[in-house]
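Peer 1:
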Amino acid sequence: MLSMSIPWWEFLIRGVVVYVFLIVLLRLTGKRQVGQLAPFDLVLLLVLSNAVQNSMNAGDNSLVGGLISAATLVLANWLMGFATYRNKRLEALIEGRPLVLIHHGQLYEKAMSRAQLTHHELNAAIRQAGVFCPEDVHSAILENNGAISVVPKSALGGAGA
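If you want it as structure tokens, here you go:
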């Protein structure tokens with residue numbers, strides 16, 4: 069239970085390599101967040117966690133090895149958060165930039181395509197904002213966290229409508 073089959077420092081290296089790999093891989097796949105996952109996205113995350121488990125622990129099932137791996141992932145996540153807070157270029161690289169989907173009622177199809185966002189998903193966000201068609205939207209922005217912020221033209225009080 070306490071005896072490890074690989075040195076403690078190897079758990080650290082393996083954990084960091086897997087963490088960085090998954091951050092890059094998931095960053096390349098888009099901006100969806102856990103609250104917006106489609107069923108196949110959730111399945112992918114569950115299978116990914118299983119797929120990288122052995123690469124992190126090298127088959128070691130000890131309690132200490134598991135604790136070191138968990139602590140490494142939490143520390144790597146904290147360090148990534150700190151680094152992106154301190155360095156705006158790194159933040160843009162890791163988290164991306166907000167993407168304008170609608171401006172003054174004009175829908176940007178290229179932006180939707182680049183974000184792999186369906187019209188159904190955008191229309192759902194628009195409806196949640198109390199608007200029923202893109203022409204009545206002043207702006208809709210896909211935020212870094214995957215949420216869609218919608219500002220209806222009516223919210224501008226006639227100033228920008």
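Just so we're aligned: the sequence shown equals residues 69 to 229 in my numbering.
Every residue, glycine too, gets a C-beta built ideally from N, C-alpha and C.
1. Per DSSP, Q174 is paired with what?
2. In terms of residues, what are the limits of the beta strand (DSSP E) holding I216?
3. Taking the CB atoms as reference points, tell me whether L96 and L116 lie closer together than 8 Å.
4. Give me the DSSP bridge partner(s) of V205.
5. Can you grab the Cα-Cα spacing for the pair L65 / T140, in whole Å?
6. For V219, which residues of its own chain have a beta-carbon under 6 Å away from its beta-carbon, when the five flanking residues on both sides are left out?
7. Ignore the nearest five residues each way along the sequence and tell me which others in L175's own chain have a CB closer than 6 Å to its CB.
8. Use the C-beta contact count for V88: other C-beta atoms within 10 angstroms, 16 or more gives buried, fewer gives exposed.
Peer 2: Straight from the coordinates:
1. H171
2. I216 to P220
3. no
4. P220
5. Residue 65 cannot be examined here, being either before or after the span of the chain that is shown, 69 to 229.
6. H206 and S207
7. P202
8. exposed
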